[in-house]
Amino acid sequence: MLEDNSRCSPQYTDSLPDFGTGKKRGTFWIHTYGCQMNVHDSEIYSGQLRRLGLVPAETPEQADVILLNTCSVREKAEEKLFSELGRLRRLRELDEARRQAGKEPVRIGVTGCIAQQRGEQIIERESSVDFVLGTRAIRALPSVLDALADGQEAQVVTEDFIDFDASDADRLDRVRAFVTIMEGCNNYCSFCIVPTTRGLEVYRTGDEIIDEVRGLSIRGYREVTLLGQNVNSWTDKSTGLDFPGLLRRLDEELAGDIAGVERVRFLTSHPKDLSPALIEEMGRCSKIAKHLHLPVQSGSDRILQEMNRHYTRRDYLQIVERLRGTVEGVGLSTDLIVGFPGETDKDFEATLELIREVDYDSFYSFEYSPRPDTAALSYDDTLPPEIKRQRLVELQELQRDIQARKNREWEGQTVEVLVDSFSRKTRDDVSGRTSSNQIVNFTGDRKLIGILVDVEITRSGAHSLYGEIRSHSR
Ligand code: SAM
Ligand code: SF4
Ligand code: F3S
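According to our numbering, the sequence shown is numbered sequentially starting from 2.
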């Protein structure tokens with residue numbers, strides 16, 4: 002699931018930075034692009050900067066350290082980065098005034114997937130960048146800032162310093178937390194750059210994961226999302242524990258907690274590795290959320306093969322059937338790509354048919370974007386952009402109709418909602434999700450955030466539901 006995740010904070014102190022010792026305070030600003038893995042990496046960057054004595058700034062102009070934590074899954078994301086860097090270039094004009102005021106120059110860093118992929122080239126193209134940190138080098142931030150403070154040249158670190166410990170992460174949310182269970186991906190889907198930007202799979206141990214979730218539960222978090230590009234291939238190399246086994250252990254560990262983690266979610270699942278055992282655990286374990294994000298990418302077998310996905314439409318539909326037969330009330334979402342090289346009208350029609358047949362609760366759809374270092378880059382991509390756009394619109398219209406109908410079916414039902422925030426529109430309302438991942442808004446105050454409540458659904462919208470609180474559960 003992809004987003005453009007901006008992060009700004011209301012706090013700002015105008016004081017001198019001294020990155021090495023953390024004695025003096027400074028400010029930082031992080032802009033996050035891309036998926037949940039990047040959001041969590043930004044939380045870790047933020048935690049490291051806070052330990053150095055820095056606090057979040059309200060705008061990039063007010064910050065002493067700026068990080069652009071990038072995504073390169075589509076071409077557009079790269080364009081966005083360089084236009085943002087172009088805008089930040091003018092901050093260099095402030096360096097002289099900062100020096101005269103006894104401050105160090107502002108430090109501009111590029112991190113994340115474009116950083117890993119492009120490395121030095123970023124600094125060659127945009128000289129205002131002071132440092133580049135790859136996806137497995139996030140822990141190098143303090144030493145890189147020190148080196149710059151010592152007067153060293155621009156820094157580029159793309160080596161592997163993987164460290165799963167997130168105990169100093171500055172988490173954005175007080176109700177829901179991300180927990181990384183693995184890094185990288187071994188799959189090489191022909192359209193996807195992630196195995197290049199995130200490297201091959203490395204797994205965290207089961208004990209470490211359970212310890213982190215346990216710690217979050219004790220600290221009052223109510224929901225965790227286990228993160229990995231393909232969580233179904235996770236395994237603990239020393240004990241042989243597999244992903245369904247990990248879910249079972251977490252469910253057992255969390256059982257009986259009355260104010261801790263109530264729901265465990267996980268992202269993302271690859272259909273080729275999704276085992277019947279996982280579905281069984283989802284049906285059996287009370288703490289495992291009843292929602293599956295299962296990217297299908299296309300409904301055409303020919304295209305799925307060209308995408309190197311290793312499953313057929315039939316395999317996928319069988320998983321969906323088993324899932325719905327085993328996990329009562331399960332919510333299902335997906336990712337789809339339109340306009341993959343060589344996609345014919347017939348292939349696209351097969352995708353539309355699949356969407357009708359599966360009846361997804363929600364989905365994310367993308368126009369195919371050619372990426373470097375991917376197999377599909379050499380495929381004949383002759384489909385005119387207007388056809389790709391038209392297909393995307395058609396797909397989204399179909400899904401909008403399906404979603405509106407499915408949302409209407411919730412009206413009159415009472416559902417259990419974990420309240421996680423104020424609603425986006427007004428602070429008179431709060432917002433939360435059902436176990437199946439439906440967003441529900443209703444009138445309520447701050448005290449409800451972090452609480453499980455029963456809500457009767459009175460009305461539905463295109464993307465969310467509205468209701469009235471009936472009772473607090475816990
Ligand atoms: N690991 C997940 C999986 O197995 O599907 C997905 C991770 S990927 C970062 C998120 C989504 O971005 C993919 O599911 C796919 O739909 C989309 N995506 C990846 N590469 C793309 C490309 N070159 N063009 C358009 N969309 C792309
Ligand atoms: Fe990309 Fe495929 Fe890996 Fe997902 S499974 S990250 S789509 S290569
Ligand atoms: Fe995520 Fe984008 Fe990287 S989707 S893994 S931030 S390429």
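Cβ coordinates follow ideal geometry from the N, Cα and C atoms, glycine included.
- As DSSP reads the structure, S472 sits in a beta bridge with D455.
- A direct Cα-Cα distance of roughly 23 Å separates V74 from E395.
- Residue range 386-409 is occupied by the alpha helix (DSSP H) that includes A405.
- As the crow flies, the alpha-carbon of V359 is around 14 Å from that of D402.
- Taking the CA atoms as reference points, P342 sits about 21 Å from F364.
- Separation of L353 and T313 (C-alpha to C-alpha, rounded to the nearest whole angstrom) is 15 Å.
- In the DSSP assignment, H271 forms no beta bridge with any residue.
- Near the ligand SAM, residues with a Cβ at less than 7 Å from any of the ligand's heavy atoms are L3, C36, V74, R75, C186, N188, C190, F192, C193, I194, V195, Q230, N231, T269, H271, P296, Q298, D336, L337, I338, Y365, F367, E368, Y369, S370, P371, R372, T375; the list follows chain order.
- Pairing D65 with F29, the inter-Cα distance amounts to about 6 Å.
- For G332, the enclosing beta strand (DSSP E) starts and ends at 332-339.
- V133 and A141 have their C-alpha atoms some 10 Å from each other.
- For the 9 Å CB-CB criterion, Y222 and V262 form a contact.
- In the structure shown, G216 falls within a helical segment according to DSSP collapsed to helix, strand and coil.
- Separation of L248 and T327 (C-alpha to C-alpha, rounded to the nearest whole angstrom) is 16 Å.
- Taking C-beta separations shorter than 8 Å and ignoring five residues to either side along the sequence, the partners of E224 in its chain run V176, R177, A178, V262, E263, R264, V265, R266, A290, L419, D421, following chain order.
- For A116, the shortest separation between its Cβ and any heavy atom of the ligand F3S does not lie below 8 Å.
- Counting only runs of 3 or more residues that sit fully inside the region 216-242, the beta strand (DSSP E) segments are 224-228, in chain order.
- Selection D212, A278, F244 evaluated against E254 yields D212 as nearest (Cα-Cα).
- Beta bridge pairing from DSSP links L146 with no other residue.
- Closest by C-alpha distance to D362, out of R90, S334, I356, F443, is S334.
- Secondary structure within the region 353-382: the beta strand (DSSP E) runs of 3 or more consecutive residues, fully enclosed, are 363-368 (chain order).
- Around the beta carbon of E44, a 10 Å sphere encloses 16 or more other beta carbons of the protein chains shown; the residue is thus reported as buried.
- DSSP places D252 in the uninterrupted alpha helix (DSSP H) bounded by 244-255.
- Collapsing the DSSP output to three states places H311 in coil.
- Straight across, the Cα-Cα distance linking N309 with L275 is about 16 Å.
- At least one heavy atom of the ligand F3S lies closer than 8 Å to the C-beta of N39.
- Taking the Cα of L173 as reference, the smallest distance to any Cα among Y317, Y46, D151, I280 is reached at Y46.
- Between the alpha carbons of E282 and V297 lies a gap of roughly 22 Å.
- Distance check between S461 and each of E417, A405, D430 places A405 closest, using alpha-carbon atoms only.
- For G35, the enclosing beta strand (DSSP E) stretches over residues 27-36.
- The beta carbon of R250 sits closer than 8 Å to those of G207, I211, L242, all from its chain and outside the five residues before and after it, given in chain order.
- Contact annotation: the region 152-165 does not touch the region 30-42, with fewer than three C-beta pairs closer than 8 Å.
- The C-alpha of H464 lies about 25 Å from the C-alpha of I320.
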